[in-house]
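Residue numbers (our numbering): 1279 to 1417.
Okay, structure coming up:
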């Protein structure tokens, strides 16, 4: 059994989270500059077994895809070419940044540390993966 990996995709940087090898617990892994993301994922997947990659699906409040999808689609195409054996699934990411900020505040993180967008991206990826795990208990 391999890990699940999630991505909170951003135009400048992307947050990444992974599960343990049993697929039970989600933890933040890294924040990577988006232009290096495919190389990072290729390297990570060559070292660790990954059963699937979960990519945050940006949606508007009415449920329609957001404008960000025009940046995500080319990434998904490239990812499929580079890692053809790893399934890629989209998962609704609405409110993850808001929840991430709330978690940082509730966790007692200093205001100056909360301004670090990289931490927010990594926490958002963890929330996406945790929500995915909760909605797919049998995986």
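For every residue, glycine included, the Cβ atom is placed at its ideal position computed from N, Cα and C.
Here the structure is a predicted model, which means the values were calculated and not measured.
- The Cβ atoms of residue 1281 and residue 1299 sit closer than 7 Å to each other.
- Here residue 1358 carries a helix assignment [DSSP, helix/strand/coil].
- Partner residues in the beta bridge of residue 1368, as assigned by DSSP, are 1333.
- Residue 1360 is a Cβ neighbour of residue 1320, given a cutoff of 7 Å.
- Residue 1366 and residue 1347 have their alpha carbons spaced roughly 15 Å apart.
- Considering only 1357, 1353, 1331, the residue with the shortest C-alpha distance to residue 1288 is 1353.
- Exposure of residue 1349 is indicated by the presence of fewer than 16 other C-beta atoms within 10 angstroms of its C-beta.
- About 6 Å separates the beta carbon of residue 1344 from that of residue 1337, a gap short enough to meet the 8 Å contact definition.
- In this chain, the alpha helix (DSSP H) harbouring residue 1315 covers 1315-1325.
- In the three-state reduction of the DSSP assignment, residue 1298 falls in the coil class.
- Excluding its 5 nearest sequence neighbours in each direction, residue 1403 has C-beta neighbours in its own chain below 7 Å: 1284, 1285, 1286, 1293, 1294, 1295, 1306, listed in chain order.
- Separation of the CB atoms of residue 1368 and residue 1316 is rounded to 17 Å, and the pair is thereby denied contact status at 8 Å.
- With at least 16 other beta carbons inside 10 angstroms of its own, residue 1371 counts as buried.
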